[in-house]
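Residues 13 to 396, numbered by the numbering used here, are exactly what the sequence shown covers, in order.
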Amino acid sequence: MPSWFDDPIGPAMKPDNPEAVLLYSVAQSLYTGRARSYMIKQGIPYEERAPQPYLYQLGKKIGRGSMPTIVFPDGRIIRDGVAIVDFFEERSGHPAKPPGPSQHVVSLLFDVLGAEGLNRPAMHYRWNFDEEQYDFILYHFTSQMNGDEELAKKVIAHVSTDVAPRWGVRPSTHAITEKLYEGFVEKFNAHLTLYPYLLGGKPCLGDFGLMCPLYGHLGRDPVPHRLLQMRGPWVHRWVERMNRPEPDTGEYINLPHSFLQDDEVPETIIELLTHFALDFVPETIASHSGINRWLEENKPAIGAQCERYVGEAKFDVEGTAIHVCPQPFRFYLLERVQSAIQALKGSDQAYALALLDTCNMTAVLDLKLDRKIGRANNLEVWLD
Ligand SMILES: N[C@@H](CCC(=O)N[C@@H](CS)C(=O)NCC(=O)O)C(=O)O
């Protein structure tokens, strides 16, 4: 059987453990936070490798090379953090799926919020504090670029100037971004004083989703890292905990390492979701219109790659206008929340709907794009 060592774009260095998957990424990657933490918690052996030149070559071969990507000993590749978690969840009987119907919906919603709901602060705190942390960022981007510091400087200049505004990071939005993020830290911290994870004594999919922004960016870059230490010590501990193989819940005396019983969703989670809704809901409504407009004008072929950013969207949060390039991926994940609710029956569905209504999230439940998004050959693609 051919292995990835025979693949011309495969790695030169074999893993020490022949069973291990190779994870192509770097510590500061946002989306790798989810997949890495998942593999650590589920005991899946992996070894992390510098992403270049492998991902560049993978990008030429399949159309996109992004972090995280994993490669199995038999040469199989999975590109995309959600697909990586989906694969292992399926293989091992869904250990990160909480048993209660509403808990499952909440867990999936946090997965969307993790991937999409904290990207503005993740980008703001990375790119707007050069004086305090430029050397740190440069070190990491240089490692990412295979030691090429000049290239790293160019990439940093490009991302901070051209890419960050696509997420709504502009001088006019700094104040609201910081206010909302500090509110998030306060509310998540309050929850974590009671439970080590979102839904009790073990992590659910939503915890892994939240690790996207909270590890690579907000939990490591010097300025936001300090903010967590000072303003959210329990959140800071959660970030550590999420990257440890054991439950790591010593400070929660006698708490079982299981999900809460009887579909319980704690009040502190309702407060956290209500806070997320402040910008997630108007941004999702505006992105939905922006992407549908783009679809109408561009009519991508069935099977065409679903781009990372399409069209544009403007919305308002507490009097501040925010302008973003909407990302279809938000709706790829949101569709899972919508389907999970749809699959519920009777009082289970009524309970889940009432819970999301209490959090002001109802508006996003009907927002479906005019075209579906699927996956083919490791890419997100437009369906009919
Ligand atoms: N939806 C993907 C997104 C991955 C992604 O965009 N990763 C970034 C770095 S954190 C990247 O590799 N960007 C380069 C690119 O997309 O070409 C996932 O969840 O893995």
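A virtual CB, placed ideally from N, CA and C, is assigned to each residue, including glycine.
For residue i, the three-state DSSP class (helix, strand or coil)
i: I353; result: helix
i: R178; result: helix
i: Y207; result: coil
i: D98; result: helix
i: K109; result: coil
i: F327; result: strand
i: G302; result: helix
i: R342; result: helix
i: Q317; result: strand
i: H335; result: strand
i: W16; result: Confidence in W16 is poor, its pLDDT being 49 and thus under 50, which makes the residue's placement unreliable; the coordinate value appears in the next sentence. The answer is coil: DSSP assigns W16 none of H, G, I, E or B.
i: Y137; result: helix
i: I149; result: helix
i: R383; result: coil
i: L377; result: helix
i: C224; result: helix
i: K311; result: coil
i: D28; result: coil
i: I281; result: helix
i: G71; result: helix
i: L163; result: helix
i: I265; result: coil
i: V322; result: coil
i: E295; result: helix
Heavy atom of ligand 3 within 7 Å of residue i beta-carbon
i: Y43; result: No copy of ligand 3 occurs in the structure displayed; its ligands are ligand 1 alone.
Residues that DSSP places opposite residue i in a beta bridge
i: Q40; result: None; Q40 has no bridge partner.
i: E198; result: None, per the DSSP bridge assignment.
i: T81; result: Y36, R91
i: Y58; result: V33
i: L391; result: A388
i: G126; result: Its beta-bridge partners do not exist; DSSP assigns none.
i: G212; result: Y209, F271
Whole-angstrom distance between residue j and residue i, CA atom to CA atom
i: F196; j: L222; result: 12 Å
i: L230; j: T81; result: 22 Å
i: A388; j: C216; result: 26 Å
i: Y363; j: L42; result: 33 Å
i: G71; j: E283; result: 41 Å
i: E198; j: Q69; result: 42 Å
i: I96; j: E60; result: 14 Å
i: I90; j: Q317; result: 16 Å
i: A410; j: E324; result: Any property of residue 410 remains undetermined from this structure, which presents the chain solely from 13 to 396.
i: F288; j: Q64; result: 35 Å
i: R243; j: P236; result: 10 Å
i: V181; j: D369; result: 29 Å
i: G358; j: S351; result: 15 Å
i: D233; j: Y137; result: 8 Å
i: R132; j: P57; result: 32 Å
i: D396; j: K166; result: 39 Å
i: L163; j: Q361; result: 52 Å
i: N390; j: I74; result: 8 Å
i: I188; j: P85; result: 46 Å
i: H152; j: Q273; result: 42 Å
i: G218; j: S104; result: 18 Å
i: C337; j: L381; result: 15 Å
i: G159; j: Y264; result: 43 Å
i: Y146; j: A39; result: 16 Å
Which listed residue (the options) has its alpha carbon closest to that of residue i
i: Y66; options: M157, R46, E324, T332; result: M157
i: A62; options: V83, M51, S119; result: V83
i: F330; options: H248, S184, G302; result: In the sequence as presented, Phe is not what sits at residue 330; that position holds Glu. Per the Cα distances, S184.
i: D275; options: K109, P30, W394; result: K109
i: D174; options: I385, W139, P85; result: W139
i: A366; options: W246, F341, T286; result: T286
i: P340; options: M373, E319, L125, S114; result: E319
i: C371; options: L356, L204, D291, L35; result: D291
i: V251; options: L307, G126, N310; result: G126
i: S49; options: S155, R88, V94; result: V94
i: L211; options: V38, A39, H116; result: H116
i: L267; options: S299, K214, A313; result: K214
i: L356; options: R76, K26, R46, P113; result: P113
i: T462; options: R46, T44, E102, V118; result: This structure cannot speak to residue 462, because the chain is shown only from 13 to 396.
Residue i, buried or exposed, once every other Cβ within 10 Å from all chains shown has been counted against 16
i: E295; result: buried
i: G129; result: buried
i: H170; result: exposed
i: D328; result: exposed
i: H106; result: exposed
i: D28; result: exposed
i: T205; result: exposed
i: G262; result: exposed
i: I168; result: buried
i: E309; result: exposed
i: I149; result: buried
C-beta neighbour in chain C for residue i, strict 8 Å
i: E194; result: Of the protein chains in the structure, only one exists, and it is not chain C.
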